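Keeping their order, the protein sequence lines are chains L and V.
By this note's numbering, the letter at position 248 of the first sequence is numbered 562, and the numbering carries on one by one without gaps.
By this note's numbering, the letter at position 62 of the second sequence is numbered 1533, and the numbering carries on one by one without gaps.
Backbone N, C-alpha and C define an ideal beta-carbon position, used for all residues, glycine too.
Predicted model only: the values in this text are computed from it and were never measured.
What follows is one structure encoded as C-alpha cells, with my remarks underneath.
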Amino acid sequence: MNQSTPPTALDESVLSEAQSASNDTGFGAHLLYVLRANPVTLLAFVLFLLIVACALFGHALAPYDPLATSAGDALQPPSAQHWFGTDSVGRDVFSRVLVATRLDLSISIAAVALSFVIGSILGGIAGFWGGWLDSVLNRILDTIMAFPLFVLAMGIVAALGNTIENIIYATAIINIPFYARLVRAEVNIRRDAGFVRAARLAGNSKLRVLVIHIFPNALPPMMVQVSLNMGWAILNAAGLSFIGLGVRPPTPEWGIMVAEGANFIVSGEWWLAVFPGLWLMIAVFTFNLLGDGLRDMVDPRKRT
Amino acid sequence: MVTAITSRQCRAVLGRLAQTVPVLFGVVVISFLLTRALPGDPAAYFAGAAADADSIEQVRESLGLDKPLPQQFLIYLGDLARGDLGQSISTGQPVASDLASRLPASLELTLMALLLSCCLSIPLGVMAAMRPGSAIDHLCRVVVTAGVSLPTFFTGILLIYIFYYLLGIAPSPLGRLDFIYLEPDRITGFYLIDAAIARDWETWTGALKQLILPAITLALFTLAPIARMTRAAMLTALSSDFIRTARAAGLTERKVLFVYAFRNALLPVVTTLGMVFSFTLGANVLVEKVFAWPGIGSYAVEALVVSDYAAVQGFVLAMAVLFVLLNLCIDLLYTAIDPRIGFDAQ
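Structure, rendered in C-alpha cells:
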C-alpha cells in the first residue's frame, strides 16, 4: 500500500493541526471555547452531570422508599408531597423514577462497555492483519446487521433467558458491529503509516504496535460513537423491559414504569407513564446532544 | 423515457441477487443457533412451561434434538424449505400460518407510517437545505435530534392520552377496527384496501381512524433519519458543479431544484429508507403492544410472555428475511433510478 494515500495524508494533517491548536491553547481552553460557541452542548453537559448525580445519589435523595406501598395514597395526582404523584399501589413515582436512573444507566453502560471492548478487539485484529480473518468477521457483522436489531435483541433474550444480564449481553451484541467496523477502518488506514513502520523498526512486536501505537488513534471517533450509542442502548433496554423482558415488576425501571402506567392512561391517570417516559427521553436526548457536541470537537468537518 | 436494459445492468442485478444468498444463509444459521446451541435444554423450551418429563422427551424426538448438531441443522433447513417454522404452543397453530395471517396488519401499519413520514420529512429536509441557517433549518435540526430521542412506546401513550382521553377525537386504542364494524372480506389483508375493494366506506373510515395514531407514532420515530439524510444529500447536490452550470444556463430555480438537485439527492435518501425500515420493524413491536394492534409484533410479545419459543424464533427469522428482501428490492430499485450503479464495484 502506498504510504501517502490521500485519506491518510489528509487525516494526519487535520490531526496535527488539531493537535497544534490544542497545544497552543491547552485542552481546557479548547473545551471552554467549544462549549461557549455551542450552548446546546453546554446544556447537554449540565444535564449529563445531573443524570450521573441521580444515578450516584438517587437512593439517598429519594424522598420515599421506592418499593413501599401504601393503599391509602393510591393514584394520587402530582402534589407538594408527591411531586410526580403515586401509582396504583401508592408508591411515590418521583422516588421510583429517581432510583431507576442507576439501574437504567448501569445496564446501558455495561452493554456499551462490552461492545466497546469486544468490538475493539475484533475490529483491531481484522483491520491490522486483514486476510481471511477480515472477510470472516465482515460476513458475521453483515449477518448481524441483516436482522432488525431490536428484534434480534428480543430473540437473544428469549433464548438466553429472561434476566438483566442477558438484556446487557443482547444490547452489547447488537452494538458490536458499529464499534468493530469503526475500529477496523481506523486501524486499516494506519497499518502501513510511517509512524507504524518506525515503531516496528524500533523492535516493537506487532501486537504492541497495534495496541500502543495504532489503537489510540481510533479513540476520538470511538468516544463519539459511545455517546451516541449510550442513548440508543438506554432506549433499547427500556424497550425490552417495556415488553416484559429483563427487569421484574417491583423493581423501579423506566420501561416497566411506562408499561405499568400505560394501563391507566385511558382512564386519565397520566402521571404514571408520563414522568418516567419524560425522564427516559431527557436521558436519551442528553446523550444524543452530547454525542453531536463531541463530534464537533473531534471532527469539525462532519458538523451538519 | 425508455431505458434499454443493458447486459451490464443485467449482470449487476444477478450479482446483487447472488450477494443475498450468503446473508440469508447467515440469518438462518444465527436463527438456528438461537434455538439450539444455547444453555439449557431446547426440548424443554419448545415443550413449553407446562410440559412434564414425558412430553419433553417426545418433543426431543420429534424435533430430532437427540441427533448431532450438523444433522439437526440439515433437518432445520429441510423444515424451513417446506415452510415449517414449528408449532406455536399458545395458539396451537403452525407458526408460519400464524405469522402469515398477522403480517398484513403489521405491514399496513409500517407502510402507512413510512408514507406519512416521507411526506413530512422529505419536504422538511429539502426546505432546510435550501436555506441553511434559517428558521426552518433550525426547526429541522430540533426535530431531528428530538425525534431520535423519543421512545416510541412513550410517544404512543402520550398521543393516546391527548387524542383519546383529553380531546376524545381518536377511537379507543384497541386493535385495527372498532367492534361496531365488520371486518372486510380478506383479499389482501390490508383493511384499507379490502374495504375499498368492497366499497364499504364506513368501514374504510373506521379502519383509517384506528390506523392513524399508531402510524403517527411510528412516523415520528422515522422522521429524523430521513429528514437528516434529505438535508445532507440536498446540500451536497446543490453545491455541485452541475447545479452551478444549470443556474448559469438560466434554468428556472424550480427546474434546477426539482429536476436536477432533487433527483440526485434521492439516491442516498432511498438507501436510508432501507435502514429506517429496519428501525421501524423493531419499533413496530413496541407500537403494536401500546395500541393492541394484532400484528406479528404483538404476536411475538404474547409468545414471549408465555415462553412460546418456536413462535418467537419464527418471528425473528421472518423479520430478518423480510428485511433482507427489502434491502434487495431497494438496491434493485437503485439500479432503476441510477443506471451507473454496478454492485460488483462495491
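Checklist entry - Quick one: what's residue 400 (chain L) bridged to in DSSP? => result Partner(s): L:406.
Next on the checklist: I'd like to check one pair, residue 1647 (chain V) with residue 1571 (chain V): are the Cβ atoms closer than 8 Å?
Outcome noted: Cβ distance not < 8 Å, so residue 1571 (chain V) and residue 1647 (chain V) don't count as in contact.
Item to check | Members of the region 1744-1766 of chain V near chain L, C-beta cut-off 9 Å | outcome: Result list: 1748, 1749, 1750, 1751, 1752, 1753, 1754, 1755, 1756, 1757, 1760 and 1761.
Next on the checklist: Buried or exposed, going by whether 16 or more other CB atoms sit within 10 Å of the CB of residue 1800 (chain V)?
Outcome noted: A residue is called buried when at least 16 other Cβ atoms come within 10 angstroms of its Cβ; residue 1800 (chain V) does not meet this threshold and is exposed.
Checklist entry - With burial defined as no fewer than 16 other Cβ atoms inside 10 Å of the residue's Cβ, what is the status of residue 1856 (chain V): buried or exposed? => result Since the first residue shown for chain V is 1472 and the last is 1817, residue 1856 (chain V) is missing from the structure and cannot be characterised.
Checklist entry - Would a check of beta-carbon distances place residue 428 (chain L) closer than 8 Å to chain V? => result Residue contact check for residue 428 (chain L) against chain V: no CB pair falls below 8 Å.
Next on the checklist: Whole angstroms are fine: how far does the CA of residue 1722 (chain V) sit from the CA of residue 1716 (chain V)?
Outcome noted: If you draw a straight line from the Cα of residue 1716 (chain V) to the Cα of residue 1722 (chain V), it comes to about 9 Å.
Item to check | Same chain, Cβ closer than 7 Å to residue 563 (chain L), five either side skipped, listed in chain order | outcome: Non-local C-beta neighbours of residue 563 (chain L) in its own chain, meaning closer than 7 Å and more than five positions away in sequence, comprise 570, ordered along the chain.
Next on the checklist: Am I right that residue 1620 (chain V) and residue 598 (chain L) are in contact with their C-beta atoms under 8 Å? What's the rounded C-beta distance?
Outcome noted: The C-beta distance from residue 1620 (chain V) to residue 598 (chain L) rounds to 4 Å, short enough to fall under 8 Å.
Checklist entry - If we cut at 8 Å on Cβ distances, does residue 584 (chain L) have a partner in chain V? => result So, interface residue.
Checklist entry - Under a three-way DSSP split, which group does residue 353 (chain L) fall into? => result In the three-state reduction of the DSSP assignment, residue 353 (chain L) falls in the helix class, which pools H, G and I.
Item to check | Where residue 1507 (chain V) sits in the DSSP three-state scheme | outcome: Correct three-state label for residue 1507 (chain V): helix.
Checklist entry - Counting pairs of Cβ atoms below 8 Å between the region 1592-1603 of chain V and the region 539-553 of chain L, do you hit three or more? => result Between the region 1592-1603 of chain V and the region 539-553 of chain L, the count of C-beta pairs closer than 8 Å stays below three; the two stretches do not touch.
Item to check | Residues that residue 1565 (chain V) bridges to, as DSSP identifies them | outcome: According to DSSP, which records beta bridges pairwise, residue 1565 (chain V) is partnered with V:1558.
Item to check | Test: residue 1692 (chain V) CB closer than 8 Å to a CB of chain L | outcome: Residue-level contact by beta carbon fails for residue 1692 (chain V) and chain L, as no gap is shorter than 8 Å.
Next on the checklist: The alpha helix (DSSP H) that contains residue 546 (chain L), what's its start and end?
Outcome noted: From DSSP, the alpha helix (DSSP H) with residue 546 (chain L) extends over 533-556.
Item to check | chain A contact residues for residue 456 (chain L), given Cβ-Cβ distances below 9 Å | outcome: Absence of chain A from the displayed structure is noted, the protein chains being L and V.
Checklist entry - Just curious, the alpha helix (DSSP H) that residue 584 (chain L) is in, first and last residue? => result Careful: residue 584 (chain L) lies outside any alpha helix (DSSP H) and carries neither H nor E.
Item to check | Local conformation of residue 488 (chain L) per DSSP, three classes | outcome: DSSP, reduced to helix, strand and coil, places residue 488 (chain L) within a helical segment of the structure shown.
Next on the checklist: Just to confirm, is the Cβ distance from residue 586 (chain L) to residue 568 (chain L) under 8 Å?
Outcome noted: In this structure, residue 568 (chain L) does not lie closer than 8 Å to residue 586 (chain L) by Cβ.
Checklist entry - Do you know how far the Cα of residue 501 (chain L) is from the Cα of residue 530 (chain L)? => result So the two alpha carbons sit approximately 10 Å from each other.
Checklist entry - From the beta carbon of residue 1514 (chain V), is the nearest beta carbon of chain L less than 8 Å away? => result No, residue 1514 (chain V) does not count as interfacial toward chain L.
Checklist entry - Count the other CB atoms within 10 Å of the CB of residue 395 (chain L); is the residue buried (16 or more) or exposed (fewer)? => result Around the CB of residue 395 (chain L), fewer than 16 other CB atoms lie within 10 Å, so the residue is classed as exposed.
Item to check | Reference residue 1731 (chain V); option with closest CA among V:1704, V:1781 and V:1561 | outcome: The residue among V:1704, V:1781 and V:1561 with its C-alpha nearest the C-alpha of residue 1731 (chain V) is V:1704.
Next on the checklist: Going by DSSP in three states, residue 577 (chain L) sits in which element: helix, strand or coil?
Outcome noted: In the structure shown, residue 577 (chain L) sits in a helix (DSSP, three-state: H, G or I).
Checklist entry - Rounded to the nearest angstrom, how far is the Cβ of residue 1632 (chain V) from that of residue 584 (chain L), given a contact under 8 Å? => result Contact flag correct, Cβ pair sits at about 5 Å.
Item to check | Option nearest residue 1506 (chain V) by Cα separation, candidates V:1759, V:1697 and V:1536 | outcome: Comparing Cα positions, the closest option is V:1536.
Item to check | Nearest-angstrom Cα separation, counted from residue 460 (chain L) out to residue 1672 (chain V) | outcome: If you take the alpha carbons of residue 1672 (chain V) and residue 460 (chain L), they lie about 39 Å apart.
Checklist entry - Helix, strand or coil: which one does DSSP assign to residue 568 (chain L)? => result Residue 568 (chain L) falls in the helix class under three-state DSSP.
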